[in-house]
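**Q** From first to last, the protein sequence lines are chains A and B.
Going by this note's numbering, the first sequence opens with residue 1, and the numbers climb by one from there.
Going by this note's numbering, the second sequence opens with residue 1001, and the numbers climb by one from there.
This is the structure, below, for whatever I ask next.
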Amino acid sequence: MELSIYSLKNVLFQGKASLLNCQTIMGEITVLDNHEALISVLSAGIIRIADENKKEQFFPIKSGFLEVKPNSEVRCIVEQ
Amino acid sequence: MESPQNIKKRLKSVDNINKITKAMEMVAATKMRKSQEIALSSRPYAFLALDFLATISSLDQKLPELFEKRDVKKVLFVLVSSDKGLAGAFNSSVFRKFELHMKEGPKGKPEDYAHEEKLYVAVGEKAFNYLSKKGYNVIKKFTSVGDYTTPEQVKPLTEFLVEGYLSKKWDRVVAISTHFRSALKQETHVRRVLPIDFDHIKETVQQIIPERGKFAELIKEHQISFVPDKAKLSEYLIEPSAEQVLQKLAEHLFFVQIYHLILEANASEHSARRMAMKTASDNASDLGEALNLQYNKSRQSRITTEISEISAGAEALN
C-alpha cells in the first residue's frame, strides 16, 4: 500500500509499506493491504510500520489522524 | 571648516555602523530563508488536514462549536508583532492597521465595535508595549518566541484561545498579523480566526507559498479540490464517530492556522529587518563617502594655508 505520514515539521514516511500499526482512540489497529476505507483519530503511542523489505520503523506520536482510502492508500497526519 | 581629526573620527564611527548593519542584514536574510522553509515543510500536513475536513464535513454533520457563529458580545483581538525592534515599519504597520480597523470597524461600519466588549492578546513584546501604553485591556501576552516558532510554542496560545471561546469568554477572535507576499512585500491582514471559517483556513494554507521568489513555482503543483465524491464517502468507516473526528479535526486545523499566521509573521519580520538594515547600510556608505570628501577638502585646505604661509614668510625674508 501507498503510505504517507506527515508531521508539522517534516514528512516522516512516504512510499510503499506492507504494514502499519498504530493506537487509535478505539484501540490498537493494524492496517494491511486492501484494508476497508477508514477515518480514525490516533492517540498517543508509537506508530510501527514495515516497509516492503519487512524493515521496521517506529515513530512516537502524541496525536493525529488516519485515513485509509479504498485503493490501498493510507495517509496520516501526526503530532509528535 | 571642521578639523580633519574630527572628521576622521566621525568617518570611523560611520564605517563601524556600516559594518554592523551589513552583518545584521546578512543574518536577517538567512533567517528569512530558514523561516520560509519551515513554513513550507508543514504544507503537506496542512493540505491533508484540509482534505480531511472537506471529506468529513460533506457528510452533513452537525458542525462543532468552533465553527458556530453566535451573537457577538465580546471580541478578542490578537496582535502579532515581534519581540525585538530594528525591523523597519514591521511593527508599526501592524499597529496602524489595527487602529484603522478599530476606527472603521469590520466591513467599514464603525458602529459595529461600539457596543462590544473588547479584549486583547499580545503576541510579541512590541505588541504588549503598544497595547499597554494605549491603556487597553491586555489579558495575556505571549513573548520570547525566538527567531523561529515551533509548534510547542504556539500550542499555549491556541489552547488559550479555544478554551476561552468554548467557555464563552469571547465570541469572536480577530487576528492582526503580517502576510508574507514576497521577500520585498509584506502586507498586514485582519483575519477572523474564530469561529472557524472553512474558506479562511483554505486561504491561509494556500498563502503559505510566497507569490514570488524561490518557492513561488510550488504554487501550481498543489491544487486541492473540495468537491468530495459523495458516493465514495459512504464507504468510509469513521471511528469513533464523524462528530468526534470533526471536533478533533477542528481543533487541529485551528492550531495549524494560527501556527501559519505566526510563521508568516516570523518570515515577514526577518525580511522587514533585512530591508531596514539594507537601507541603513546604504545610508551609512553614502554618509561615509560625503565625509570622506569633506575630510579630503579640509586636509587640502590646511595644506594650502600652510604653503601660502611658508611662501609668504620666504617672500618677507627677501
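Think of the CB as a built atom: it goes at the ideal place given N, C-alpha and C, for glycine as much as any other residue.
Since the model is a prediction, treat every value here as computed from it, not as a measurement.
1. Quick one: which residues of the stretch 1245–1271 of chain B get their C-beta closer than 8 Å to a C-beta of chain A? List them in chain order.
2. In this structure, how does DSSP classify E1221 of chain B when only helix, strand and coil are distinguished?
3. Name the chain B residues whose beta carbon is nearer than 8 Å to that of T24 of chain A?
4. So, E36 of chain A versus L1048 of chain B, is the Cβ gap smaller than 9 Å?
5. What whole-angstrom Cβ distance do R1172 of chain B and R1192 of chain B have, given they're in contact under 8 Å?
6. Please name the residue in B:V1075, B:V1174, B:S1298 and B:H1115 whose C-alpha comes closest to that of L1261 of chain B.
7. In its own chain, which residues sit with a C-beta less than 7 Å from the C-beta of I77 of chain A, not counting the 5 before and 5 after it?
8. With 16 as the cutoff for other CB atoms within 10 Å, does E1269 of chain B come out buried or exposed?
9. If the cut is a Cβ gap below 7 Å, which residues of chain A does P1044 of chain B touch?
10. Measure from the C-beta of I1056 of chain B to each C-beta in chain A and report whether the shortest distance is under 9 Å.
11. When you compare the CB of F1052 of chain B with every CB in chain A, is at least one pair closer than 9 Å?
12. Would you say L1048 of chain B reaches chain A, if we count a Cβ-Cβ gap shorter than 9 Å as a contact?
13. Listing by chain order, which chain B residues have their CB less than 8 Å from the CB of V41 of chain A?
14. Please check the pair I1056 of chain B and A1242 of chain B, which I expect to be a contact at CB under 8 Å, by giving their CB distance rounded to whole angstroms.
15. Are at least three pairs of beta-carbons, each pair with one atom in the stretch 1025–1038 of chain B and one in the stretch 1243–1257 of chain B, less than 8 Å apart?
16. Is A1087 of chain B helix, strand or coil when you go by DSSP?
17. Where does F1226 of chain B fall in DSSP's three states?
18. Under a three-way DSSP split, which group does G1313 of chain B fall into?
19. Is the stretch 1269–1283 of chain B touching the stretch 1174–1189 of chain B, taking contact as three or more C-beta pairs under 8 Å?
20. One question on the structure: do E1104 of chain B and V1072 of chain B come within less than 9 Å of each other, judged by their Cβ atoms?
21. Starting from the C-beta of F1142 of chain B, find all residues in its chain whose C-beta is less than 6 Å away, skip the five residues before and the five after it, and write them out in chain order.
22. For the stretch 25–38 of chain A, which residues have a beta carbon sitting closer than 8 Å to at least one beta carbon of chain B?
23. Does any residue of chain B have a CB that is nearer than 9 Å to the CB of E67 of chain A?
**A** Let me lay it out:
1. V1245, K1248, L1249, H1252, V1256 and Y1259
2. Position 221 of the second sequence holds residue 1221 of chain B. For E1221 of chain B, the predicted structure reports a pLDDT of 49, less than 50, and the residue's modelled location is therefore unreliable. The matter cannot be settled from this model.
3. If you number the first sequence from 1, residue 24 of chain A lands on position 24. Within chain B, the residues near T24 of chain A are E1239.
4. Taking the first sequence and counting its residues from 1, one reaches residue 36 of chain A at position 36. Taking the second sequence and counting its residues from 1, one reaches residue 1048 of chain B at position 48. Cβ distance not < 9 Å, so E36 of chain A and L1048 of chain B don't count as in contact.
5. For the purposes of this step, residue 1172 of chain B is taken as residue 172 along the second sequence, with counting starting at 1. For the purposes of this step, residue 1192 of chain B is taken as residue 192 along the second sequence, with counting starting at 1. Correct: roughly 7 Å between the Cβ atoms.
6. For the purposes of this step, residue 1261 of chain B is identified with residue 261 of the second sequence, where counting begins at 1. Comparing Cα-Cα distances from L1261 of chain B to each of B:V1075, B:V1174, B:S1298 and B:H1115, the minimum goes to B:V1174.
7. Taking the first sequence and counting its residues from 1, the one referred to as residue 77 of chain A is at position 77. Answer for I77 of chain A: Y6, G64 and F65, listed in chain order.
8. Working through the second sequence from its first residue, we reach residue 1269 of chain B at position 269. That one is buried.
9. Numbered from its first residue, the second sequence carries residue 1044 of chain B at position 44. Those within 7 Å of P1044 of chain B in chain A are Y6 and V11.
10. Counted from its first residue, the second sequence places residue 1056 of chain B at position 56. Output row for I1056 of chain B: interface = yes.
11. Position 52 of the second sequence, counted from the start, is the residue given in the question as residue 1052 of chain B. Answer yes: the Cβ-Cβ gap between F1052 of chain B and chain A drops below 9 Å somewhere.
12. Reading the second sequence from its first residue, position 48 is the one you call residue 1048 of chain B. Chain A, which has a Cβ nearer than 9 Å to the Cβ of L1048 of chain B, makes this yes.
13. Walking along the first sequence from the start, residue 41 of chain A turns up at place 41. The answer, in chain order, is E1239, P1240, Q1244, V1245 and K1248.
14. For the purposes of this step, residue 1056 of chain B is identified with residue 56 of the second sequence, where counting begins at 1. For the purposes of this step, residue 1242 of chain B is identified with residue 242 of the second sequence, where counting begins at 1. Right, their Cβ atoms sit about 6 Å apart.
15. no
16. In the second sequence, residue 1087 of chain B corresponds to position 87, counting from 1. It is coil, neither helix nor strand.
17. As a position in the second sequence, residue 1226 of chain B is number 226, starting the count at 1. For F1226 of chain B, the predicted model reports a pLDDT of 49, less than 50, meaning its position is unreliable; a value from the coordinates is still stated below. Three-state result, F1226 of chain B: coil.
18. The residue given as residue 1313 of chain B occupies position 313 in the second sequence. In this structure, G1313 of chain B counts as helix in the three-state DSSP scheme.
19. yes
20. Stepping through the second sequence from its first residue, residue 1104 of chain B is reached at position 104. Stepping through the second sequence from its first residue, residue 1072 of chain B is reached at position 72. No, they are not a contact pair.
21. Here residue 1142 of chain B refers to the residue found at position 142 of the second sequence. Non-local beta-carbon contacts of F1142 of chain B in its own chain, meaning distances under 6 Å to residues more than five positions away in sequence, involve V1123 and L1157 in chain order.
22. I25, M26, E36, A37 and L38
23. Here residue 67 of chain A is taken as the residue at index 67 of the first sequence, counted from 1. Closer than 9 Å to some Cβ of chain B, the Cβ of E67 of chain A qualifies, so yes.
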